[in-house]
Structures are given as C-alpha cells and as structure tokens.
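Trainee: Residue numbers (this note's numbering), protein chains in the order written: chain E, 1 to 163; chain F, 1 to 201. Backbone N, C-alpha and C fix where the C-beta goes; we use that ideal spot for every residue, glycine too. The structure presented is a predicted model; accordingly, all values stated were derived computationally and were not measured. Please see the structure below; I have some questions.
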Amino acid sequence: MRCPLETRENREILVAYSSRALNGGDAQRLEAHLQSCSACREFVRGQRVVWEALEDWEAPTATADFDCRLYARMEREGSWWQRMRGRMGVLLVYRALPVAAVAALLVVGVLLERPLAPRVPAPQLTTAHVELQPDQVVHELDEMEVLDQFNHMMKPDTSTPRM
Amino acid sequence: MAERVNTYMGGATAALDYDAELMLRVKDGDGESFAQLLEKYRSPVVHFLYRMVQQQAVAEELAQEVFLRVYRSRGTYEPTAKFTTWLFRIATHLALNALRDGRNERSQERLDERTEDMPSLQVEDRRPSVEQSMVRQARLDEVRRAVAELPGKQRAAVLMHKYREMEYTQIAKVLSCSESAVKSLLFRAYETLRARLAHMA
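Next up, the structure:
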C-alpha cells in the first residue's frame with residue numbers, strides 16, 4: 001500500500017481508520033502499512049485523541065419552551081399572513097375593482113375621443129404670399145419708376161459711341 | 001405517499017426516507033407530521049448549531065429559524081434529496097451567515113467564562129473531584145476553541161461527520177460542493193485539530 005500521507009491519495013482512510021469506521025480489507029491493508037510507517041502511525045494516534053476529545057464535548061439540549069416558542073412564531077406568522085391575505089382581499093374587492101373600473105372608463109374614453117380629436121394640419125411647403133393693398137402697389141410702382149429714372153441719370157447712354 | 005417519494009427520488013434509498021414522506025404530509029397540511037419531524041430533529045439541529053456558533057441562545061434562535069423555514073417552504077417542498085440533507089443545508093446556511101455577521105462575536109470571549117452554555121458543568125456524576133472537574137473543563141474549553149478556530153465550512157463538515165455520522169456524499173450535498181472537496185475539507189480540519197489537541201493524550 002502506498003503511503004496516504006506521502007502520496008496525498010486516499011487520506012480519508014486514515015481519518016476513517018482513526019474513527020474506527022474502516023473495516024475489512026482496507027483496514028487490514030492500512031494496518032500492514034502502519035507497521036512500517038511512523039508518520040501514519042503518529043497521525044492515527046493523534047487523530048484518535050482528537051476523536052475522543054470531540055466525544056466528550058456535549059451540547060446542551062433545547063430549552064423546555066422551544067416548541068412553544070416555535071409554534072407561537074408559526075402562529076404569529078400564519079395569522080400575519082392571513083391578515084395580509086385578508087387585507088389584500090378587501091383591497092381587491094373594495095379598492096382594486098373601482099380602480100379597475102376607472103381605468104377601463106379612461107381607456108374607453110380615450111378610444112372614443114381619438115376620432116373626434118382636432119386634427120393638426122400638416123405643415124404645407126407652399127410659398128407664403130402677402131396680400132397687398134392697392135395703394136401699396138401704387139406706391140411700390142412709383143418707387144420703381146423713380147429708381148428707373150435715377151438709373152438713367154447715373155448711367156451714360158450706351159448707344160452713343162465712345163470717342 | 002411512499003410511491004410519491006419513489007417517483008421523486010427513485011430507488012430503495014428514497015423509500016427509506018420516511019422523513020420525506022412526513023414532509024410531504026406537512027405539505028398536504030398535516031400538522032402532526034410536522035410535530036414528528038420537530039420531535040425527531042429538534043436536538044440534532046440544536047446540537048449542530050450550538051457546536052457551530054457555541055452560544056446556546058444563538059443556537060436556539062437559529063434552530064427556530066430552521067424549523068420556521070421548513071414550515072414556510074412546505075408548499076414548495078419536493079423530495080429531491082434526503083430530508084436531512086435539506087434540513088442541515090438550511091441549518092448550515094444559517095450558521096455560516098450568523099458566523100459571518102458576527103452574531104456570536106462574543107462567543108470567543110465567553111469561552112473563558114463559566115456560563116450556562118456549558119452543559120458539562122451540569123453533569124454531576126462525572127465529577128468525582130473538583131480537580132478532575134477542572135481538568136476536564138479545561139480540556140473541553142480547548143476542544144471548543146480548536147473547533148471555533150476552524151473555518152466555517154470545515155467546522156460544519158467536521159460536525160456533520162463526527163456527530164451526525166454523515167457520508168461524504170451527503171455532506172457534499174449539504175455544503176454544495178464535490179465529494180472530493182469534502183474529503184479535502186475534512187482532512188485539513190482534522191489535521192488542524194490534531195495539531196491543536198494531540199497533546200491531550
């Protein structure tokens with residue numbers, strides 16, 4: 001048998017043997033190995049000390065009112081849950097239904113309202129035209145005539161040949 | 001009911017898990033079955049938690065929470081594993097959380113005190129003399145300290161292995177890790193304990 005401590009294989013059999021939980025062929029093979037391996041012998045010896053020390057460590061029993069306290073907590077939790085469910089039920093009946101009704105009315109109102117809603121005309125890409133009054137037109141034409149005369153005064157007659 | 005458990009778990013092992021049958025009855029609203037489970041596992045759970053957190057009041061509070069969670073989960077319970085695996089998974093989870101949150105932060109200080117948390121003092125017939133009693137108490141304190149100094153998962157693994165005699169596979173399921181990881185955890189934990197306690201021989 002290969003040494004469990006050296007090879008780090010099957011080290012659990014040392015723990016099992018120390019706690020007297022190893023039987024049969026495995027126990028016999030380990031015992032044969034222990035005769036020639038002081039490290040494993042030392043491990044088993046120390047492990048048995050640990051095992052016995054742990055044996056002596058008693059834990060206290062639960063206090064006498066453990067069950068009573070537990071059932072009281074379960075009862076409180078149960079009644080709390082029932083109260084919550086009851087309240088939720090009341091909410092559903094007395095509050096959720098009216099809320100749902102109002103919501104339904106709103107939805108219906110929106111649906112009915114949509115066809116009647118004023119349509120916003122789409123912006124048209126037409127040129128903007130300005131309505132002019134007749135006197136404005138006359139005024140504008142007069143100004144154009146003045147400008148034309150001014151142009152003639154400033155420019156020499158192009159029909160006359162240059163010297 | 002047994003058929004239901006067989007359907008869920010399959011095989012002969014499942015049929016033997018009477019606790020799962022009881023839990024399925026609890027699921028069906030049978031309070032008496034819950035009382036049976038409580039009677040059967042009250043002490044193991046309290047003992048396990050006590051050795052984990054080393055304070056009786058905290059251990060009892062956590063144990064109450066374990067059974068409350070069992071009861072709360074009855075509606076969704078499915079016997080996909082042994083009942084004890086599920087039960088100790090809840091207990092371990094709560095204990096590790098409590099250790100992480102420092103709910104038993106005074107436990108180390110209290111190791112030096114003689115308090116009601118130490119049941120060994122109540123065992124009168126094992127104290128033939130005051131001196132022997134003191135020696136025994138000192139040894140127990142050393143054991144408690146050594147266990148308390150183990151990392152949480154190692155501690156849980158040792159306690160389930162030593163006091164519940166759980167198989168590696170079950171411990172692995174409780175701790176949600178592989179079987180080889182459990183073997184490694186246990187070996188390291190026992191080596192640490194051996195280094196601390198071997199002189200007691």
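1) Under a Cβ-count criterion, where at least 16 other Cβ atoms within 10 Å of its own Cβ denotes burial, should P98(E) be classed as buried or exposed?
2) Taking its Cβ as the centre, do 16 or more other Cβ atoms sit within 10 Å of Q35(E), making it buried, or is it exposed?
3) Determine the contact status of L38(F) and D19(F), defining contact as a CB-CB distance below 8 Å.
4) Does any C-beta atom of chain F lie closer than 8 Å to the C-beta of R2(E)?
5) Could you pull out every residue in the same chain whose Cβ sits closer than 6 Å to the Cβ of R25(F), ignoring the five residues on either side in sequence?
6) Starting from Q64(F), find everything on chain E with Cβ-Cβ shorter than 8 Å and list it in chain order.
7) Who are the near neighbours of Y17(E) in its chain, counting only those whose CB is closer than 7 Å to its CB and skipping five residues on each side?
8) Restricting to runs no shorter than 3 residues, where is the beta strand (DSSP E) found entirely within the segment 25–60 of chain E?
9) Looking at C-beta atoms only, is the number of pairs between the segment 91–98 of chain F and the segment 50–68 of chain F that lie closer than 8 Å three or more?
10) Using DSSP with H/G/I as helix, E/B as strand and the rest coil, what is P151(F)?
11) For F88(F), decide whether its Cβ has a neighbour in chain E, counting only Cβ atoms nearer than 8 Å.
12) Are the CB atoms of A156(F) and M23(F) within a distance shorter than 8 Å?
13) In angstroms with no decimal places, state the Cα-to-Cα distance between T13(F) and K183(F).
14) Going along the chain, which residues of its own chain have a beta-carbon closer than 6 Å to the beta-carbon of Q154(F), five neighbours each way excluded?
15) At 7 Å on the CB atoms, spell out the chain F contacts of Q47(E), in chain order.
16) For F67(F), decide whether its Cβ has a neighbour in chain E, counting only Cβ atoms nearer than 8 Å.
17) Going by C-alpha distance, which of I13(E), R69(E), G109(E) and E6(E) is nearest S38(E)?
18) For a contact defined as C-beta to C-beta under 9 Å, what are the partners of V143(F) on chain E?
19) Only counting runs of 4 or more residues, tell me where the alpha helix (DSSP H) segments fall wholly within the segment 18–89 of chain F, in order along the chain.
20) Spatial neighbours of A59(E) within its chain, please: C-beta separation below 6 Å, excluding the five flanking residues on both sides.
21) Could you check the C-alpha separation between R100(F) and L175(F) for me, to the nearest Å?
22) In the DSSP assignment, find the unbroken alpha helix (DSSP H) run with Q133(E) in it and report its ends.
23) Cβ closer than 9 Å: which chain E residues qualify as neighbours of Q132(F)?
24) Check whether chain F comes within 8 Å of R11(E), counting only Cβ atoms and requiring the distance to be less than that.
25) In angstroms with no decimal places, state the Cα-to-Cα distance between E179(F) and W57(E).
26) If you follow the alpha helix (DSSP H) that S18(E) is part of, which residue opens it and which one closes it?
27) Just the C-alpha distance for A201(F) and Q47(E), rounded to the nearest angstrom, thanks.
28) Just the Cα atoms here: how many angstroms apart are E143(E) and E113(E)?
29) Report the option in V143(F), R74(F), S43(F) and R194(F) whose CA atom is closest to the CA atom of A59(F).
30) Are the beta-carbon atoms belonging to E142(F) and L197(F) less than 8 Å from one another?
31) Between G152(F) and the rest of its own chain, which residues show a CB-CB distance below 6 Å, the 5 nearest in sequence each way excluded?
32) Any Cβ of chain E within less than 8 Å of the Cβ of A148(F)?
33) Using a 10 Å radius around the Cβ and a threshold of 16 neighbouring Cβ atoms, would you call C68(E) buried or exposed?
34) Mind checking if R51(F) is an interface residue toward chain E, Cβ cutoff 8 Å exclusive?
35) For A98(F) and chain E, any beta-carbon pair shorter than 8 Å?
36) Give me the chain F residues within the contact set of T63(E), using Cβ-Cβ distance strictly less than 7 Å, ordered along the chain.
Mentor: According to the data block:
1) exposed
2) exposed
3) no
4) no
5) S33, listed in sequence order.
6) For Q64(F), the chain E residues whose Cβ falls inside 8 Å of its Cβ are F66, R69, L70 and R73, in order along the chain.
7) A27, L30 and V44
8) none
9) yes
10) In this structure, P151(F) counts as coil in the three-state DSSP scheme.
11) no
12) no
13) Bear in mind that a pLDDT of 49 at T13(F), under 50, signals an unreliable position, so the number given afterwards is only what the model happens to contain. Distance between the alpha carbons of T13(F) and K183(F) is about 23 Å.
14) L185 and A189
15) Y190 and R194
16) By this cut-off, F67(F) is an interface position.
17) E6(E)
18) V50, A53, L54, D56 and W57
19) 18–27, 31–53 and 56–72, all fully within the segment 18–89 of chain F.
20) Take A59(E), set aside five residues on each side of it, and no residue of its chain has a beta-carbon closer than 6 Å to its own.
21) 16 Å
22) Per DSSP, Q133(E) lies in no alpha helix (DSSP H) segment and is marked neither H nor E.
23) The contacting residues do not exist; Q132(F) stays about 13 Å from chain E at best.
24) yes
25) 27 Å
26) E12 to S18
27) Near 10 Å, if we compare the C-alpha coordinates of Q47(E) and A201(F).
28) 56 Å
29) S43(F)
30) Result yes, Cβ atoms of E142(F) and L197(F) sit closer than 8 Å.
31) L96 and L99
32) no
33) When all chains shown are included, C68(E) counts as exposed.
34) Contacts with chain E at 8 Å (Cβ-Cβ) include R51(F).
35) no
36) E60
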